[in-house]
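Engineer: For the sequence shown, position 103 matches number 397 in the working numbering, and the numbering has no gaps at all.
A virtual CB, placed ideally from N, CA and C, is assigned to each residue, including glycine.
Note that the structure is a prediction, hence the values are computed from the model and not measured.
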Amino acid sequence: PAVLIVPPFAMHKTEGGAFKRVNIYVTESMLDDFQKEVLTSLSLSFVTLTSEQSEKLLDILHLSLDRPLEHHEHEVDKAKFDYFLLTLYHFAESRLPQSVEREQKASSLVIKAINYMNANYTEPLTLDDLAERVYATKQTLNYHFKKDLGCTPMNYLLRLRLTKVKELLATSEKTIEEIADCCGFSSGNYLTLIFKQKEGISPTSYRKNRN
Numbered sequence: 295p296a297v298l299i300v301p302p303f304a305m306h307k308t309e310g311g312a313f314k315r316v317n318i319y320v321t322e323s324m325l326d327d328f329q330k331e332v333l334t335s336l337s338l339s340f341v342t343l344t345s346e347q348s349e350k351l352l353d354i355l356h357l358s359l360d361r362p363l364e365h366h367e368h369e370v371d372k373a374k375f376d377y378f379l380l381t382l383y384h385f386a387e388s389r390l391p392q393s394v395e396r397e398q399k400a401s402s403l404v405i406k407a408i409n410y411m412n413a414n415y416t417e418p419l420t421l422d423d424l425a426e427r428v429y430a431t432k433q434t435l436n437y438h439f440k441k442d443l444g445c446t447p448m449n450y451l452l453r454l455r456l457t458k459v460k461e462l463l464a465t466s467e468k469t470i471e472e473i474a475d476c477c478g479f480s481s482g483n484y485l486t487l488i489f490k491q492k493e494g495i496s497p498t499s500y501r502k503n504r505n
């Protein structure tokens, strides 16, 4: 199995060969700076994968592709595409010579932290908690998050929680207080305050606009 990142306007074709092929088309307007940076760094690189790595990437894609895409789900799929790219980047790094082992560990550290946040975002996590879980110092964790994602671990956690909030606002009848409890916010009032600061609109107004 392998992955090839083809930049815009590059001559290429996908015909031929008795093998399974998965094509993913992404327009530049859909990408944030982190996603562009990862795709550029891997551009025209032939990333060979193990069968396990290939299945892992396909599993991440299927989380988004196995259901119809509705307007409110774009934020959710964006977070999943972030995870897909970071996982692919880590796999690509793991194929490099031993001289870049330090960078491999950096990406692995970030992925471990992201996995933990994805599984525990409902809990009152702190930077100390994350650092302890991935066996790193707070400074090291902050450094590698900024290097790989352009944000701190806590900023990523907030983005993840707000993505979950948007999903529940659009798909459930839960109250703001219930959504706050489900997404790791201390109260409905605090969620409303943060949501307004980051999204420029209240959770209630966001829900009305999606209905």
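Let me confirm a value: K458 is counted as buried when at least 16 other C-beta atoms fall within 10 Å, else exposed. Which label applies?
Structural biologist: Buried is the call here.
Engineer: Which residues in the same chain as D353 place their Cβ atom closer than 7 angstroms to its Cβ, once the five residues preceding and following it in sequence are excluded?
Structural biologist: Excluding residues within five positions, none has a Cβ falling inside 7 angstroms.
Engineer: Which residue comes first and which comes last in the beta strand (DSSP E) that contains A297?
Structural biologist: One point to set straight first is that residue 297 is Val, not Ala, in the sequence displayed. Where V297 is concerned, the enclosing beta strand (DSSP E) stretches over 296 to 298.
Engineer: Taking the straight line between their C-alpha atoms, what separation do you get for F340 and I318?
Structural biologist: Distance between the alpha carbons of F340 and I318 is about 15 angstroms.
Engineer: Please decide whether L456 counts as near chain B, where near means a Cβ-Cβ distance under 8 angstroms.
Structural biologist: Going by chain labels, chain B is absent from the structure shown, which holds only one protein chain.
Engineer: Going straight from the alpha carbon of D423 to that of D442, what length do you get?
Structural biologist: Each residue's Cα considered, the two are about 20 angstroms apart.
Engineer: By how many angstroms is the C-alpha of L343 removed from the C-alpha of K372?
Structural biologist: Going by the C-alpha atoms only, they are around 23 angstroms apart.
Engineer: Can you grab the Cα-Cα spacing for the pair P497 / T416, in whole Å?
Structural biologist: Roughly 18 angstroms separates the two Cα atoms.
Engineer: Out of curiosity, what's the CA-to-CA distance linking I299 and L419?
Structural biologist: Their Cα atoms are separated by approximately 35 angstroms.
Engineer: If I measure Cβ to Cβ from T431 and keep anything under 7 angstroms in the same chain, skipping five residues before and after, which residues do I get?
Structural biologist: So the qualifying residues of the chain are A425.
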